[in-house]
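If you're matching them up, the sequences are chains A and B in order. So that you can map any letter, position 434 of the first sequence is 434 in this note's numbering, and since no number is skipped, the others follow by simple counting. So that you can map any letter, position 283 of the second sequence is 1283 in this note's numbering, and since no number is skipped, the others follow by simple counting. Yeah, the Cβ is synthetic: ideal placement off N, Cα and C, and Gly gets one too.
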Amino acid sequence: MTDTDDTASERGGSASTGRSRACDGATTSAEGESGIGADVENLLGHADGSDDTLRARIALQMERKRPPRLVLPRPRPKRDRHARTRVAFLRYSYYDIVFKFFVEHVLDADYLPLPEPTKRTVELGSRNSSDSVCAPFKHILGDYLEALELGADVLVQFAGPCRLGYYGELQESILRDMGYEFEMLNFATVTGKPLTEYIEVCKKKVNPNLSVPHGVRGMLIAFQMIEYLDEAQDFYLAHAGFEAERGSFDRALAAYHADMRTVVNEYDLMDAHKRGMAALRALEVRVPVRPLRVGVVGEYFTAADPRSNLGLERKLLDMGVEVHRMLNMTNRNLRYHEKNLRAGISDYVRYDMGPTSSMTIAATLKYAQEGFDGVVHLKSSGCTPEVDCIPVLQQVSHDTGMPILYLSYDSQTSDTGLDTRLEAFYDMLAMKKERTAS
Amino acid sequence: MTDAYLGIDIGSISTKGVVVDADRTIVARSYLWTEGNPADAARRVVADLASQIDRDVVRVRAVGTTGSARRLVGAMLGAAVVKNEITAHAVGTTYLHPDVRTILEIGGQDSKIICVEGGIAVDYAMNTLCAAGTGAFLSSQAHRLGVEVEEFGPIALTSKRPANIAARCTVFAESDLVHKIQVGYAREDIIAGLCRAVASNYLNNVGKGKKITAPVVFQGGVSKNVGVVRAFEDMLGMDVLVDPDGHLMGAFGVALLAAEASAGAGRGTAPAGDGDGGEGDGEPFRDGAFDFDAVGDFAFKTREIECSKCANHCEIICVYRDDALIDSWGNRCDQGAVKAGL
């Protein structure tokens, strides 16, 4: 073959390879050898500007710039050259347990655990965000930056019915501008589309070998896990305020979470949950005759995520309060029924006002009707849907006589200011309760 | 011998102190500028109060502190009660005015509204992210206009046509104010406009959504400004009561709480046989009574240390009396707990 190439006119040899490339590189060298004469004849014989001629000329010019490849590209399926990816989620309360399970058993990839968030996390996030964007954006961006520093390949962002739906795109763009290389699994890009699209995007971004049947089974366990975790949290919130030994509930809950992190199948899950709940129930509590009961309502991140609300729930529990919070992933994501929820608050609301608005109002009304002493409403500063809820809540408070404390958080909010307001709220509720008792 | 209780309210701008006797009557009152040094301000207030009472007859049994420096000064004075200013104000005002329904309060850097029903607070709100329209704003504008802030009220009352000043944001209000000065508005109209701006800003922010029912009591430093009082009366269409001791209400409230705590099994109630004074106990008490002189003798120092036990690097505030650690706070977890004697 080298002979032919050498002896044949330089132009001819080049033309054949050039053309074979133009034809998707499927031509073998043998073909080229036998067809050279005719090809050259065909191509160069009629300088009539036909397509073939033109292509050949272009090919010739290309050859001069870039020599022909010695090894032709061989199609190889993506799954054979796929390396396992390290997937990182944003931080959201204790749900990292579920995220870990989802990554390992649904996506079949490596989960990158993030350490506890620190001041640095939010500083990183704030520095690279617009100042006026809501606090969850800053927290999440901080999480992503820390995840990338720890070597994440894929970042996961949720979809959201408020601005959150656009955050994934914006965060991706900010991180790329900063020079990071990663894949973004942004569920907002497939919101409202059929399941096949979800599977497709997971395959594309994380793992092309993803097994659908295995994934479905994993998904069902993950859903069950969310419900169990929320059940344990509800129990903790209702009882930890009266713990006989300080810190006993925190320890038991942490042990339960650690147990849940090791779960690999539905049997483990059930056992871990049973063990954890039994441990929590076994703890000694000293409940006063008429304990103060406070409901926590508000925006998805700020109401449920301790680092976003500066540990508000623990602060309330430390004051000896029974805490209830309807907003969690079970109630907002798995069992959410917007229309039915709204039907219960039809005296106040006719339309869906935003991602957590119906739940905020429905929960507040429920707590008021159940005779709770007060409600704390949490939102990140500038969260429009929750700002819209406030007049409605004021009306509920006015109609039922239940006080509501409104708190707005941003990345600068101080612990001291929060303590002052919570303490005053507690004093007010406690004095009111004492007075009504006598 | 009569029992008495001391209440101190250490705010951002001013420090207030009262001594109440066993009948809950104020027997000594003090009001000074904090001047950025709460420990020293508290010491000065204590000295001022000491000069007003006959210390051989009046024995202070317990101390309460409130205001933004309550924790620091509480540690200094061995307070039996350290209470937030909202509760202290509510307790003080409802004691003096049992029929009050709404308490408006504007201080140096904060403003709050407390709704009262049947003598107990049922709802409250406090400014959160912004300090627009508080005393600090009025002070800085008085400085700009070359008028003492104390003269603001009387000057505002002489205005016939208050200027309309945008009140939403302090910075924009200031731009608006400068603009009106530059185009030649009368000084009293501008001052009256500022007073109105403070009142309308308050009602639109802190007071938003709260039902303001008469009788209304207005207190805090800004309540001393009759121009703002008049603006509130005009806007609410009801009388606004200003107590002559309105600026002391936080201190009074916390003194009442200290008295209550002392009547219970609280601290500060005559530690029996403690003849050596409170030093062993770490408190400025002698024979179960607050020792006014002891406070001046100790040197108080506050140091901030950055905890390095985890990545959060909490700033831990440590208060020392004569180089002995008496209190610390600011740690998020037990790892960072700094204890006396370490």
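For a test of the three-state rule: what should DSSP assign to residue i, helix, strand or coil?
i: B/S1111; result: strand
i: B/A1186; result: coil
i: A/H82; result: coil
i: A/M428; result: helix
i: B/C1318; result: strand
i: A/V392; result: helix
i: A/S129; result: coil
i: B/W1329; result: strand
i: A/F372; result: coil
i: A/D24; result: Confidence at A/D24 is low in this model, with a pLDDT of 46, below 50, so its placement is unreliable and no value can be given for it.
i: B/M1126; result: strand
i: A/K339; result: helix
i: B/D1234; result: helix
i: B/D1239; result: coil
i: B/A1121; result: strand
i: A/R76; result: coil
i: A/T262; result: coil
i: B/I1212; result: coil
i: B/S1175; result: helix
i: B/P1271; result: Caution is warranted here: a pLDDT of 35 is assigned to B/P1271, below 50, making its placement in the model unreliable, and no coordinate value can be reported.
i: A/E434; result: helix
i: A/Y348; result: coil
Please name the residue or residues paired with residue i in a DSSP beta bridge.
i: A/L155; result: A/A88 and A/M184
i: B/Y1005; result: B/V1020 and B/A1062
i: B/F1285; result: B/F1290
i: B/F1218; result: B/L1104
i: A/R293; result: A/E322
i: B/A1324; result: B/R1321
i: B/F1300; result: B/R1321
i: B/I1305; result: B/I1316
i: B/I1010; result: B/T1015
Taking only the alpha-carbon atoms, compute the straight-line gap between residue i and residue j and give it to the nearest angstrom.
i: B/F1232; j: B/S1111; result: 14 Å
i: B/A1294; j: B/D1023; result: 26 Å
i: B/W1329; j: A/G311; result: 16 Å
i: A/T121; j: A/Q395; result: 38 Å
i: A/N128; j: A/S411; result: 13 Å
i: A/E313; j: A/T420; result: 15 Å
i: B/E1151; j: B/G1193; result: 15 Å
i: B/V1147; j: B/A1039; result: 29 Å
i: A/A244; j: A/S414; result: 30 Å
i: A/L114; j: A/K65; result: 48 Å
i: A/G382; j: A/L124; result: 20 Å
i: A/I58; j: A/L141; result: 48 Å
i: B/E1304; j: B/I1317; result: 5 Å
i: B/A1289; j: A/L429; result: 33 Å
i: A/V297; j: A/L210; result: 38 Å
i: A/A424; j: B/V1046; result: 26 Å
i: B/R1230; j: B/A1142; result: 18 Å
i: B/K1309; j: A/G192; result: 46 Å
i: A/H324; j: B/C1314; result: 29 Å
i: B/G1118; j: B/T1094; result: 9 Å
i: B/Y1320; j: B/G1011; result: 21 Å
i: B/Q1219; j: A/Y228; result: 51 Å
i: B/L1145; j: B/L1241; result: 28 Å
i: A/R11; j: A/M62; result: Low confidence applies to A/R11: its pLDDT is 46, below 50, so where it sits in the model is not reliable enough to give any reading.
i: A/V98; j: B/S1262; result: 51 Å
i: B/W1033; j: A/G417; result: 22 Å
i: B/A1125; j: A/E197; result: 48 Å
i: A/L148; j: B/V1122; result: 49 Å
i: A/E338; j: A/D352; result: 8 Å
i: A/M326; j: A/A363; result: 6 Å
Within the 8 Å Cβ cut-off, does residue i reach chain C?
i: B/V1122; result: In summary, chain C is missing from the structure at hand, where the protein chains are A and B.
Say whether the region 275 to 288 of chain A touches the region 213 to 227 of chain A, bearing in mind that this needs 3 or more beta-carbon pairs closer than 8 Å, one atom from each stretch. no
Using 8 Å as the threshold, is the region 1065 to 1072 of chain B in touch with the region 1180 to 1192 of chain B, meaning 3 or more CB pairs across them? no
In chain order, each beta strand (DSSP E) run of at least 3 residues that lies wholly inside the region 1025 to 1105 of chain B: 1026 to 1033 and 1058 to 1066
May I ask you to verify whether the region 345 to 362 of chain A touches the region 261 to 278 of chain A, counting CB pairs closer than 8 Å and requiring at least 3? no
Does the region 429 to 438 of chain A come into contact with the region 328 to 335 of chain A, if we say contact requires no fewer than three beta-carbon pairs (one atom in each stretch) closer than 8 Å? no
If contact is defined by three or more beta carbon pairs under 8 Å, each pair taking one atom from either stretch, is the region 293 to 309 of chain A in contact with the region 84 to 94 of chain A? yes
Segment contact, 8 Å Cβ cut-off, at least three pairs: the region 249 to 261 of chain A with the region 353 to 361 of chain A: no
Are the region 1208 to 1219 of chain B and the region 1095 to 1103 of chain B in contact at 8 Å, needing three or more beta carbon pairs? yes
Could you say if the region 397 to 406 of chain A and the region 364 to 373 of chain A meet the contact criterion of at least three C-beta pairs nearer than 8 Å? yes
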